[in-house]
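Below: the structure, in structure tokens.
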Amino acid sequence: MIRKCTACQSDMVEDCEVHVKGAMYGLKIKIPGWLFSKVSAEAKAAVCPRCGHVELYVENPGDFLTS
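Every letter in the sequence shown is one number past the one before it in numbering that gives the first Met the number 0, and letter 33, counting from 1, is 32.
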């Protein structure tokens with residue numbers, strides 16, 4: 000499924016890496032308050048080449064469902 004830009008409805012460029020400037024690592028997303036949670040994901044970005052809008056996403060969002 001190709002992501003559509005929520006600002007201009009253009010096709011977005013997906014699977015872009017996110018890095019903190021000056022660091023060799025990207026962003027990790029985890030469930031808040033779960034200090035030892037095994038559920039985490041690397042943040043990826045989709046960029047709109049038309050208007051510059053950026054969206055962050057994770058590959059497997061279902062991993063964050065809790066029972």
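Ideal placement from N, C-alpha and C gives every residue a C-beta, glycine not left out.
Separation of residue j from residue i, as counted between CA atoms
i   : j   : result
V38 : Y56 : 15 Å
S36 : P48 : 35 Å
G21 : K43 : 18 Å
E54 : G32 : 24 Å
S18 : R2  : Going by the sequence as given, residue 18 is His instead of Ser. The straight-line gap from Cα to Cα measures roughly 21 Å.
Residue i burial status per 10 Å Cβ neighbour count (16 or more: buried)
i   : result
C4  : buried
S66 : Model confidence at S66 stands at a pLDDT of 39, short of 50, so the residue's coordinates are unreliable; what they give is reported in the following sentence. It is exposed - the Cβ of S66 has fewer than 16 other Cβ atoms within 10 Å.
Integer Cβ distance of residue i from residue j, believed to fall under 8 Å
i   : j   : result
M11 : A45 : 4 Å
Option in the options with minimal Cα separation from residue i
i   : options       : result
G61 : I30, E54, G51 : I30
Endpoints, the beta strand (DSSP E) within which residue i is located
i   : result
V46 : 43-46
E16 : 12-16
E54 : 53-56
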